[in-house]
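One structure is given here, and the rest of the page talks about it.
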Ligand code: SF4
Ligand code: SF4
Ligand code: FES
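Chains as they are written, first to last, in full-length UniProt numbering: chain A, 1 to 253; chain B, 1 to 265.
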């Protein structure tokens, strides 16, 4: 039951570009990425698009479909009506390379800025032992496929280019939370979360959670718990007094 | 619009958003909902009457605890600690600022009003109307970090509301009595507890702050319980705005004589 769909695809580079109209055949069971591939094969051989797995696991095909940040390979054509115009653009937070391909190196820079896993110095690889309940929280965050849709949607940097310097974005604040909650990590990451990764910029408006294709509860399970940990260290006079009086190190718990 | 999506190097798309759904609807509904509550609560808090039903000992949560000599006889459950209040001070002045603070710094309400009132962002992937943004990094918004203290006080107020709901099982002859008002007060107090305990700070305090759950099995259970409630935090935030208004409205109608309480016992 094929039909002809109307597409508007952004074509251009880092200097100029425009939305171009195409009419393309759609067959049953297809996803947006199939249509983009058909467009490339039939009408626009020079169309640039990044993809790999077509199974929602490599995180390459991130784009914006009708203004919503999504994976092209996981967006079914059946979610649109046949007479709907479908607009496909590259992610609007990162510099564009060409057409639907953006330069996501911002994210790699931010990834490198997170202090790596820091196990106790006397523990050799292979000797790591931990209990399931203790790693559970961190494991949720390991489902991340690094599609950077959350980074792209976060208004802190999407709407304010100048904040890119100070803010690591939900993906990497979640990485900090993952290690902070890790049973074998010995580093105290609370100050770094606030001072180096810009946790304070996040106003917990949950757009990262809304677009995550892995349905990770980024805001509720990583960002807010991290904000609470920072509050405990920096903004809680009672915790501060307790630590002074009882010489308690809050790291041990 | 903002400098962000038009920043050099990004795809040149001269519109704020290409979203085709009604992304403006949820923030609009949120604004209407919050405004309704704020207006209702303000009017009622300053009204100064119809907050206590002497026959059945119903006290509206907006006037609890009532601790001044202005309170009508019987409504001051914990005594009259201070003299008459001028009319511009609400009789619930002791708890109200803390309850307001608890909700203002609540992680859910923050999301709600940042999106709807402040439009930062109005909706996901819709450019916000502000040129600059520093989030919660500096004064005054850095004060949101004190949320846990408001949580502690909200817990105390929930105990007081629970007490109010229990002493309200009262009949005009002095013995046990029960009416529709009791059911309403009770549902309200249960919902208030659910909202208060589902708080993100509560989740942190209950066990979220620990690194090793395996070493603290009881706190792990507590954290698991609070986590289950926490998933419903948004729903509970709205439900309690509703139950608070309904409870107060019912007490007001009965106290003013507009309706009579439906009595079961
Ligand atoms: S919740 Fe925080 S990190 Fe996530 S999109 Fe909103 S502001 Fe960005
Ligand atoms: S957290 Fe979710 S949205 Fe963000 S990069 Fe990972 S998979 Fe993508
Ligand atoms: S092609 Fe791999 S996630 Fe879409």
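Glycine residues also receive a C-beta, built at the ideal position from the N, C-alpha and C atoms. In this text, all values refer to a predicted model and were calculated from it rather than measured experimentally.
- Item | DSSP-derived helix/strand/coil call for residue 76/A | strand
- Going by Cα to Cα distance, which pick from 123/A, 20/A, 13/A and 236/A is closest to residue 147/B? 236/A
- Query: Roughly how many angstroms separate the alpha carbons of residue 17/B and residue 140/A, rounded to a whole number?
  - Reply: 31 Å
- Query: Which bits of chain A does residue 110/B rub up against, with CB to CB less than 9 Å?
  - Reply: 203, 204 and 205
- Task: Compute the Euclidean distance between the alpha carbons of residue 21/B and residue 66/A, then round it to the nearest angstrom.
- Result: 9 Å
- By DSSP, does residue 219/A sit in helix, in strand, or in coil? helix
- Message: Spatial neighbours of residue 247/B within its chain, please: C-beta separation below 7 Å, excluding the five flanking residues on both sides.
- Response: 60, 61, 184, 185 and 188
- Query: So, helix, strand or coil for residue 12/A, using DSSP?
  - Reply: strand
- Message: Please report the distance separating the alpha-carbon of residue 112/B from that of residue 175/B.
- Response: 45 Å
- Interface residues of chain A facing residue 137/B [CB-CB closer than 7 Å]: 200 and 201
- Item | Where residue 10/A meets chain B, residues with beta-carbon distance less than 8 Å | 11 and 13
- Cα-Cα separation, residue 39/B to residue 45/B: 10 Å
- Could you tell me if residue 194/A is buried or exposed, where buried requires 16 or more neighbouring beta carbons within 10 angstroms of its beta carbon? buried
- Query: In terms of residue numbering, what span does the beta strand (DSSP E) encompassing residue 17/A cover?
  - Reply: 17 to 26
- Query: Helix, strand or coil for residue 140/B per DSSP?
  - Reply: coil
- Item | Alpha carbon of residue 156/A to alpha carbon of residue 200/A, nearest angstrom | 11 Å
- Check the C-beta distance from residue 116/B over to residue 31/B and give it rounded, since I have them as a contact under 8 Å. 5 Å
- Task: Below 7 Å CB to CB, which residues in the same chain sit around residue 72/B once its five sequence neighbours on both sides are set aside?
- Result: 52
- Message: With three or more beta-carbon pairs closer than 8 Å as the criterion, would you say the segment 20 to 36 of chain A touches the segment 109 to 123 of chain A?
- Response: no
- Could one say the Cβ of residue 187/B lies closer than 8 Å to chain A's Cβ atoms, at least one of them? no
- Message: Check for me: the alpha helix (DSSP H) holding residue 244/A runs from which residue to which?
- Response: 237 to 246
- Item | Under 7 Å from the C-beta of residue 232/A: neighbouring residues of chain B | 209
- Message: Suppose contacts are defined by Cβ-Cβ distances below 8 Å. Is residue 135/B in contact with residue 107/A by that definition?
- Response: no
- Message: Tell me the residue span of the alpha helix (DSSP H) that contains residue 105/A.
- Response: 105 to 112
- Item | Counted within 10 angstroms of its Cβ, other Cβ atoms place residue 62/A as buried (16 or more) or exposed | buried
- Note down, in chain order, every chain B residue with its Cβ under 7 Å from the Cβ of residue 235/A. 145 and 146
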